[in-house]
Each structure stands twice: as C-alpha cells, then as structure tokens.
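Have a look at the structure below, then the notes.
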Amino acid sequence: MQKNILHLGLDVGSTTAKIAVLDADGQLVYNEYRRHNTKVTEVVCGFFQEIEEKFGSCTVSAMVTGSAGMGISEAAGIPFVQEVVAASRLIFEKHPKVRTLVDLGGEDSKMIFFHPDRQPDIRMNGNCAGGTGAFIDQMAMLLNIPIEQLNSHLQDNPTVYAMASRCGVFAKTDVQNLVSREVLKSDIIASVFHAVAMQTMNTLARASDIAPKIIFCGGPFSFLPKLKDYFLSAMQLSPEDVEATEHPEIVSAMGAALMEANRLNCSIQELYRRVAKERTIVVTRKNALQPLFNSDEERERWLQYEKEVELVKKVPVAAYTGRICYAGMDSGSTTTKIAIIGENKELLYRYYAHNNGNPLQAVKQGLQTFKEEMKAAGKNITIAGSAVTGYGEDLIKAAFGVDHGVVETIAHYTAAHYLNPKISFVLDIGGQDMKAIFIKNGEISRVELNEACSSGCGSFVETFGKSLGYTAPDFAALACTATQPCDLGTRCTVFMNSKVKQSLRENATTADIAAGLSYSVIKNCLHKVLKFSDLQELGNHIVVQGGAFKNASIQRALEIVTGKKVTCSKIPELMGAYGAALIAMNGKK
67 MQKNILHLGL DVGSTTAKIA VLDADGQLVY NEYRRHNTKV TEVVCGFFQE IEEKFGSCTV
127 SAMVTGSAGM GISEAAGIPF VQEVVAASRL IFEKHPKVRT LVDLGGEDSK MIFFHPDRQP
187 DIRMNGNCAG GTGAFIDQMA MLLNIPIEQL NSHLQDNPTV YAMASRCGVF AKTDVQNLVS
247 REVLKSDIIA SVFHAVAMQT MNTLARASDI APKIIFCGGP FSFLPKLKDY FLSAMQLSPE
307 DVEATEHPEI VSAMGAALME ANRLNCSIQE LYRRVAKERT IVVTRKNALQ PLFNSDEERE
367 RWLQYEKEVE LVKKVPVAAY TGRICYAGMD SGSTTTKIAI IGENKELLYR YYAHNNGNPL
427 QAVKQGLQTF KEEMKAAGKN ITIAGSAVTG YGEDLIKAAF GVDHGVVETI AHYTAAHYLN
487 PKISFVLDIG GQDMKAIFIK NGEISRVELN EACSSGCGSF VETFGKSLGY TAPDFAALAC
547 TATQPCDLGT RCTVFMNSKV KQSLRENATT ADIAAGLSYS VIKNCLHKVL KFSDLQELGN
607 HIVVQGGAFK NASIQRALEI VTGKKVTCSK IPELMGAYGA ALIAMNGKK
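In this note's numbering, the protein residues as written are 67 to 655.
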C-alpha cells in the first residue's frame with residue numbers, strides 16, 4: 067500500500083452502507099455500518115465528513131462495491147469492484163485457510179467455495195429473497211421484537227417448527243399459526259433461524275461439500291451471532307470449523323479497500339464533492355408512468371370528493387338510542403379488526419390493532435375498550451349477535467363464544483354489496499393476501515385468491531414506506547404529488563428494492579418512487595398474482611377493500627389502470643369486520 071494514503075473501501079448494499087479505511091500498514095483505522103433507508107448519498111457523505119474530522123485533510127485511495135454501489139461509481143467516477151470479488155480478495159489475503167464463505171445481506175445471499183487448484187465457485191440467490199436479512203426483519207416485526215433482541219430471546223434446546231422461508235410475507239402465516247397456538251417466542255425465533263439456514267443451503271449449496279474452514283459474514287451474522295449455530299447444524303459442522311473475523315459485517319468493504327489496481331486517489335474533500343454532486347444531477351426518465359394527478363387542482367378535487375362521500379354512517383356510542391348492537395370481528399394474519407353496528411347498520415364502534423403475536427389478547431382488548439366506551443357514555447347496549455372471519459376464525463369463535471364463523475369471501479362480499487348493490491367486482495388487498503370476487507346478477511360467480519406469491523399485498527407498500535423513513539399516511543400523500551412515477555415493474559416484494567435503487571441512480575424523487583410503488587401494487591395484483599388478461603371482465607361497479615386502500619394513491623392507481631371510478635369506504639380496512647357484523651345482524655352463517 068502507498069504511504070501517507072488511506073485506503074478506503076465503500077460497500078453500499080440494498081439496505082445498508084458499510085465503509086472500511088485501512089492505513090498504509092493495512093490496519094483498520096475507521097469503519098461504519100449503517101442502514102441508509104435509501105438516503106444513500108447522505109449516509110455516504112456522512113462517512114466522509116467523519117473521516118475528515120478524524121484524520122484531517124487526508125488523501126484517500128477509494129473503491130466502491132455493493133449492489134447499490136454501481137450508481138455511486140457511475141455518478142462520482144469511483145472505480146467499482148463486484149462484491150464477491152472484493153470479499154474473495156479479503157479471504158485470499160487475511161484468511162487463506164478458509165474454504166467456504168457464507169454471506170447474508172439485506173436482500174441477497176451468497177456462498178463462495180474456495181479451491182486451492184482452481185477459481186472460486188461463486189453462487190448467489192436468484193429471483194427470490196427468502197432467507198435473507200429482510201426475511202428476518204419481517205419476522206421480527208411480526209413478533210414485535212426489535213431485531214437486535216432476537217438473539218437474547220433464544221433459549222437452550224428449542225423446539226423447531228416447520229416454516230416456509232420462500233417468501234417473507236407468506237411466512238407470516240406460519241408464524242401467526244404458531245403464535246395462535248401459544249408457542250414460545252423463543253421457539254418461533256429458533257424456527258425462523260432454522261428456516262433461513264435451510265433456505266440458504268437448499269438454494270446455494272445444492273449438495274456441494276462444504277469444507278472447513280468456513281467464514282460467516284454480513285449484517286445478520288454480525289448482529290445475530292446465534293444464527294451461525296443453525297447454519298452449522300444444517301452443514302453438519304462444529305464451531306471449531308469456523309474461522310472468526312473481527313468485523314464480519316464489513317468483509318466486502320475491507321476487500322474493496324485491499325484491491326490494488328484501478329483506484330481513485332484524491333483528497334477526502336474531493337471524494338465528498340464527487341458523491342455530493344450526485345444530488346444535483348437531473349435525469350429525465352423515458353419510461354415514467356402517468357402521474358396519479360395531472361395538476362394540484364385535480365388532486366385536491368379528487369381528495370375532497372373522497373373525503374365528503376360517506377358510505378357507512380357513523381354514530382358515536384353516546385348518541386346511539388338503540389338498546390342492541392351486533393359485533394363483527396376480522397382476525398387477520400397480522401391485525402385484528404372489530405366493527406360494532408347498531409340496529410340501522412350504523413357504525414357505533416371500530417377497533418383496529420396489530421396482533422403483536424397475540425390475536426386473543428387483541429380481540430379481548432378491543433371488546434374491553436367498547437365496554438369502557440359504553441360505561442363512559444352511561445349506556446348499556448346488548449350485543450345481540452356476533453360473527454368472526456379471518457385467519458383466526460376458529461380460535462376466536464371458540465375462545466369468545468362467537469355466534470357465527472364466516473368465510474372471508476362472504477364477509478367481504480356482504481360489506482361490498484351494502485356499499486353498492488350494483489356491484490360487479492370486489493378487490494380486497496390485505497396484509498398478506500388478496501381476494502378478487504366476481505358478481506353476476508347479484509350472486510358470486512367466481513373467486514380468485516393469491517396462492518404462491520404475496521407481492522402486491524398491503525405489507526408491500528408499508529414495508530417500503532418504512533424503509534424510506536415515512537409513515538404510511540405521509541408516504542401515501544407524497545405519492546399523490548409525483549410528476550414522474552417510476553415504473554418499478556412487478557417483482558417480489560423484497561426484490562423491488564433493486565428497481566428502487568435503479569430509480570435512485572436516476573435521481574428519482576421519493577414522491578416518484580412512492581407513486582411507482584402504488585402502481586406496482588395494482589399491476590402485481592391484477593396481472594402477476596391474479597393473472598387477469600382482460601380488465602373489462604371487472605365490470606363497471608368496482609368496490610375495493612382492505613388496509614392497502616387506506617392509501618389513496620393505490621385507489622387512484624387502480625382507477626388509472628382500469629379506466630374506471632371505484633368505490634371505497636372510509637374504513638376499507640374494517641370491511642371484513644363490518645360484513646361479519648351485517649351477517650350477525652341477519653343471523654346468517
């Protein structure tokens with residue numbers, strides 16, 4: 067290495083940015099690992115500022131790697147090296163005895179088999195991101211446990227349950243079932259770790275011999291060290307077969323710092339300027355989609371109309387003069403919804419809450435809150451009938467003595483028919499599932515459900531909104547202001563990050579990304595998952611339901627894609643529960 071020059075390796079991945087700075091003797095003198103929430107430029111420039119504060123006006127020799135690093139390389143003129151090449155460089159120089167590398171990232175996974183007599187055998191995941199860091203993130207969110215605490219919740223000798231790891235959203239069903247059965251969270255976490263290990267082995271190892279020594283790298287292994295135990299068990303290896311590395315989360319960044327050829331030598335201030343100027347580049351995207359609204363005035367008119375139209379009458383408990391009511395419950399995979407209606411089908415009480423791993427407690431809390439509202443209003447209203455639908459139907463029906471269990475399709479159709487008796491089509495997009503109901507002559511003629519893929523469901527946009535640092539309402543409002551919505555295609559929920567990164571390389575605004583995601587939800591749903599070829603079969607009276615449609619931009623995207631005005635209540639997330647309440651009122655099963 068050149069004297070008096072700091073060697074800098076920058077690794078920007080799908081969810082995190084990592085940096086490693088080595089001195090002339092190859093010693094690590096600065097390193098960081100941060101989630102960038104797609105604010106890549108800000109995070110990277112923050113690294114450079116910290117380096118200047120620590121080392122002054124220094125000269126650096128820079129190279130960039132990572133799945134999102136190509137954009138920085140192109141915009142800032144920093145040489146790029148593929149991340150597996152960078153990781154291999156570190157192994158060759160610092161860990162010559164290693165024969166297998168396993169790397170888990172935010173949305174990718176890779177295994178490298180090193181051979182003394184030939185080139186390394188490199189394998190990476192393809193079109194599925196199941197079993198990666200994002201998968202673990204989603205499971206931690208469902209269990210309501212911060213991801214950094216998963217490790218501490220594990221116990222010795224856990225029971226491991228079978229779990230699908232092909233899709234982070236669909237795996238929620240398995241977790242929800244385990245929670246409903248009151249399985250220990252420590253056992254669920256162990257099952258998640260086991261599923262990740264098996265997914266990686268089945269996808270990448272493909273019956274190849276995994277020879278020690280082995281090295282684990284990537285954020286999940288760094289911050290969840292017990293995850294290694296499940297990989298070792300799957301590989302039939304022992305802890306003695308593992309070679310430790312001090313900073314497994316920055317292996318590729320350190321490898322990039324060690325690369326010798328084709329580096330950029332400049333001052334740290336110049337490096338900062340090169341990357342910061344990326345924010346000033348304006349790129350006109352040829353494939354931008356139609357704006358959700360053509361002007362501020364059109365947007366305000368549309369939003370005002372949706373605000374004023376009241377399809378479900380609401381009456382506060384204190385103002386209700388009746389003596390009986392009817393309760394409808396929708397126990398979903400991740401949330402619980404309760405709707406209590408009066409004798410004239412008016413909504414007296416609504417409840418929406420995340421299950422936080424305990425659907426029974428969620429229902430109990432919702433009913434208790436209604437009881438407290440009645441007491442505060444000086445009312446004594448009798449629940450004359452009740453019905454439950456959703457994933458937790460059997461559990462809730464048995465636990466609370468509910469009168470009727472209702473198939474979800476019937477509950478949603480009942481609510482939609484109440485909103486529009488001429489209904490021709492119902493589209494319900496929930497947290498991890500979707501239902502398409504066709505109606506002819508007032509009767510259900512056909513039902514389509516998503517089966518093997520959940521891209522386009524409610525979790526789709528919620529996850530991306532959070533990754534971009536926005537609440538769901540703010541993200542929806544931002545989408546409505548977009549002028550050049552990004553065409554993000556129709557791909558797996560996790561892999562959509564790749565298209566988002568491409569849009570960021572073109573300096574797309576967050577509003578354009580948000581609007582593009584709204585389009586993708588609809589296109590995923592209609593074309594990829596439900597596989598509709600002729601949108602005319604939807605008819606002219608479309609009703610939409612489900613939490614996804616609390617996002618006004620998704621409703622508007624559906625109107626643009628179909629060319630039809632759609633009907634949506636102000637409580638789309640509660641329509642399953644509202645339909646169940648209507649069925650309870652009618653005494654139908």
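Glycine residues also receive a C-beta, built at the ideal position from the N, C-alpha and C atoms.
{"Asked": "Under 7 Å between C-beta atoms of residue 647 and residue 472", "Found": "no"}
{"Asked": "Pairwise C-alpha distance: residue 339 and residue 399", "Found": "48 Å"}
{"Asked": "7 Å Cβ cutoff met for residue 585 and residue 355", "Found": "yes"}
{"Asked": "Residue burial classification, residue 185 (beta-carbon count within 10 angstroms, cutoff 16)", "Found": "exposed"}
{"Asked": "C-alpha distance - residue 366 paired with residue 435, whole-angstrom precision", "Found": "36 Å"}
{"Asked": "Sufficient close CB pairs (3 or more, under 8 Å) joining the region 74-94 to the region 308-325", "Found": "yes"}
{"Asked": "Cα-Cα separation between residue 596 and residue 272, rounded to whole angstroms", "Found": "32 Å"}
{"Asked": "Spatial neighbours of residue 221 in its chain, beta-carbon cut-off 6 Å, leaving aside the 5 residues before and after", "Found": "252"}
{"Asked": "Contact check, residue 210 vs residue 422, beta carbons under 7 Å", "Found": "yes"}
{"Asked": "Span of the beta strand (DSSP E) around residue 574", "Found": "Run containing residue 574: none; DSSP gives neither H nor E here."}
{"Asked": "Status (buried if at least 16 other CB within 10 Å, exposed otherwise) for residue 74", "Found": "buried"}
{"Asked": "CA-to-CA distance, residue 259 to residue 229, given in whole angstroms", "Found": "10 Å"}
{"Asked": "Meets three-Cβ-pair contact criterion under 8 Å: the region 596-613 and the region 486-495", "Found": "yes"}
{"Asked": "The region 585-594 touching the region 452-465, judged by at least three CB pairs closer than 8 Å", "Found": "no"}
{"Asked": "Own chain partners of residue 514 with C-beta closer than 6 Å, once the 5 adjacent residues on each side are dropped", "Found": "502, 596"}
{"Asked": "Distance CB(residue 332)-CB(residue 169) smaller than 7 Å", "Found": "no"}
{"Asked": "Extent of the continuous alpha helix (DSSP H) to which residue 358 belongs", "Found": "Neither: residue 358 is in no alpha helix (DSSP H) and is coded neither H nor E."}
{"Asked": "Coil, strand or helix - residue 347 by DSSP", "Found": "Residue placement at residue 347 cannot be trusted, given a pLDDT of 46 that sits under 50; what the coordinates show is reported in the next sentence. Residue 347 falls in the coil class under three-state DSSP."}
{"Asked": "Three-pair Cβ contact test at 8 Å for the region 109-123 versus the region 200-220", "Found": "no"}
{"Asked": "Cα-Cα separation between residue 254 and residue 226, rounded to whole angstroms", "Found": "7 Å"}
{"Asked": "Buried versus exposed, by CB contacts within 10 Å (16 or more), residue 656", "Found": "Past the boundaries of the shown model lies residue 656; the chain is included only from 67 to 655, so the question cannot be answered."}
{"Asked": "Rounded straight-line distance, which links the Cα of residue 79 to that of residue 642", "Found": "39 Å"}
{"Asked": "Residue 146 vs residue 334 beta-carbon contact at 7 Å", "Found": "no"}
{"Asked": "7 Å CB neighbourhood of residue 630 in its chain, flanking five on each side removed", "Found": "606, 608"}
{"Asked": "Buried or exposed (CB count within 10 angstroms, at least 16 for buried), residue 135", "Found": "buried"}
{"Asked": "Pick from 290, 488, 474, 101 that is closest to residue 499, judged by C-alpha positions", "Found": "474"}
{"Asked": "Where residue 111 falls: helix, strand or coil (DSSP)", "Found": "helix"}
{"Asked": "Straight-line Cα distance separating residue 619 from residue 380", "Found": "24 Å"}
{"Asked": "Three-way DSSP call (helix, strand, coil) for residue 453 in this model", "Found": "strand"}
{"Asked": "Rounded C-alpha distance that separates residue 675 from residue 626", "Found": "Here the chain covers residues 67 to 655 and nothing more, so residue 675 does not appear."}
{"Asked": "Segments of 3+ residues assigned as beta strand (DSSP E) that fall wholly inside the region 471-499", "Found": "491-495"}
{"Asked": "Reference residue 418, options 330, 270, 200, 638, closest by Cα", "Found": "638"}
{"Asked": "Bridge partner(s) assigned by DSSP for residue 509", "Found": "506"}
{"Asked": "Buried/exposed call for residue 390, threshold 16 Cβ in 10 Å", "Found": "exposed"}
{"Asked": "Range covered by the alpha helix (DSSP H) that runs through residue 324", "Found": "317-324"}
{"Asked": "Status (buried if at least 16 other CB within 10 Å, exposed otherwise) for residue 247", "Found": "exposed"}
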